[in-house]
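As structure tokens, the structure follows; a few thoughts come after it.
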Ligand SMILES: Cc1ncc(COP(=O)(O)O)c(C=O)c1O
């Protein structure tokens, strides 16, 4: 069972870091991240496992270096991420590239040994025509099912533009044969943050497609392993999930005689819990007795977009020792009503006040579990606000 990793930061440490580095400030704790990497590298599946860190979750070079030291490989979601990884000294063979936009510098990336995954018929054709291409390639397929914590995080099914639609597989296979190319890697990423209980169905969908692809020797099931941001949420139990994967891969081998390597591409599960965003309460306003009390902070969507974009919920704590609590809505400093840090659950349109310690202007506030899709996915520079720094403790 994955240990409960409810991070918390002490008032004293937060103030010390804030005095040293200023706020807003991302504080990263690599210890938790590294132990999660070790846990994944220790997972047992029958015919081999490749763990690829999804760099887009948090491309901080120190995190990339740490995971490289732990033996992880990498998943790049753009050719620019792939180039960045190569520049950080990651060997091409450890990088898998699957992107919506056709790769810039494709010949150079192939020359460097980057494992290319075509995500459409067009990309397959570009690969076939590319200089330095190998005779093998990966193919991302939309299996027709999706799993995400909302439709904006679901990358499979009719509503998602990711991968080749599964019904067009025969044409792609025909084309590859004509070009003398073997499609030996199948990539199926169906979304992020979805119900951990769906992993069996997702692997079945992937194996069903692999069965139609005789040259496939590895199945990349993508990422999307859920973490618990709030109490009561169920976190993906990776030993349990990998056991299920193992059973299904063994059944597939029994049925087809094919022993597939499994690849996974976790991002969030590895880094989300390893960070807290420290911000300062710069003003407090309210909208009368029937309205809301708002804590204005010195961060917001220019550093942390998930709340405004998805209605995502993160634990928030006012770092003072006042033990009287009251309801506050917490907002960012950007001149946008959508810059709310406490939206209603999964509803960016709504306001979801939280019970927090009675607060004074100048108090520090902690936003937890901000290691993934926070510093890496924000409207940097909006309203010309300086970007939150990132420090490792
Ligand atoms: C292709 C691909 N792989 C891996 C991931 C990582 O997902 P997560 O961070 O939820 O594990 C994503 C994220 O959406 C993705 O698009």
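Residue numbers (my numbering): 895 to 1287.
Virtual Cβ for every residue (Gly too), placed ideally from N, Cα, C.
key: Distance between residue 1067 and residue 1015 (C-alpha atoms, nearest Å)   = 10 angstroms
inquiry  = Please give the ranges of any alpha helix (DSSP H) in the stretch 912–965, keeping only runs that are unbroken, at least 4 residues long and fully inside the region.
reply    = 924–935 and 955–963
request  = Could you tell me if residue 902 is buried or exposed, where buried requires 16 or more neighbouring beta carbons within 10 angstroms of its beta carbon?
outcome  = exposed
task = Identify which residue in 984, 934, 1165 and 1250 has its Cα closest to the Cα of residue 1288.
result = No information on residue 1288 is available, as it lies outside the stretch 895 to 1287 that the chain covers here.
key: Beta-carbon separation (whole angstroms), residue 1123 vs residue 1209, contact threshold 8 angstroms   = 7 angstroms
Residue 937 versus residue 1140: straight-line alpha-carbon distance, rounded = 10 angstroms
request  = Name, in chain order, the residues that DSSP records as bridge partners for residue 1221.
outcome  = 1249
task = Consult DSSP for residue 1166 and reduce its assignment to one of helix, strand or coil.
result = helix
inquiry  = Give me the residue from 1080, 1149, 1088 and 1152 with the minimum Cα distance to residue 1115.
reply    = 1080
request  = My understanding is that residue 1018 touches residue 1070, with C-beta atoms under 8 angstroms, so please give their C-beta distance in whole angstroms.
outcome  = 7 angstroms
request  = Quick one: measure Cβ to Cβ for residue 948 and residue 1159, integer angstroms, because I've assumed they're closer than 8 angstroms.
outcome  = 5 angstroms
ask   = Is it right to say residue 895 is buried, meaning 16 or more other beta carbons lie within 10 angstroms of its own, or is it exposed?
value = The predicted model places residue 895 with a pLDDT of 41, which falls under 50 and marks its position as unreliable; any figure quoted below should be read in that light. Exposed, since its Cβ has fewer than 16 Cβ neighbours within 10 Å.
request  = Please report the residue range of the alpha helix (DSSP H) in which residue 1193 lies.
outcome  = Looking at the DSSP string, residue 1193 is not in any alpha helix (DSSP H), and its letter there is neither H nor E.
key: residue 1166 versus residue 1072 - alpha carbon distance   = 44 angstroms
task = Kindly indicate which residue of 1282, 1207, 928 and 1075 has the alpha-carbon position closest to the one of residue 1227.
result = 1282
message = Quick check on residue 1072: does DSSP put it in helix, strand or coil?
response = helix
Complete runs of the beta strand (DSSP E) confined to the stretch 1047–1130 [at least 3 residues] = 1076–1081 and 1112–1114
message = Measuring only from the beta carbon, is residue 1184 closer than 6 angstroms to any heavy atom that is part of ligand 1?
response = no
key: Whole-angstrom distance between residue 1056 and residue 1143, CA atom to CA atom   = 24 angstroms
message = Looking at ligand 1, does it come within less than 6 angstroms of residue 1269, judged from the CB to the closest heavy atom?
response = no
task = Please determine if the stretch 1191–1199 and the stretch 1171–1182 are in contact, where contact requires at least 3 C-beta pairs separated by less than 8 angstroms.
result = yes
key: Under 7 angstroms between C-beta atoms of residue 1084 and residue 1035   = no
Limits of the unbroken alpha helix (DSSP H) element including residue 1021 = 1015–1023
task = Indicate the three-state DSSP secondary structure (helix, strand or coil) for residue 1036 in the structure shown.
result = strand
query = Taking residue 952 as the reference, which of 939, 1138, 1287 and 1263 has the closest Cα?
reply = 1263
query = Hey, out of 1118, 1205 and 1261, whose CA is closest to residue 1164's CA?
reply = 1118
ask   = Does the beta carbon of residue 1131 fall short of 6 angstroms from some heavy atom of ligand 1?
value = no
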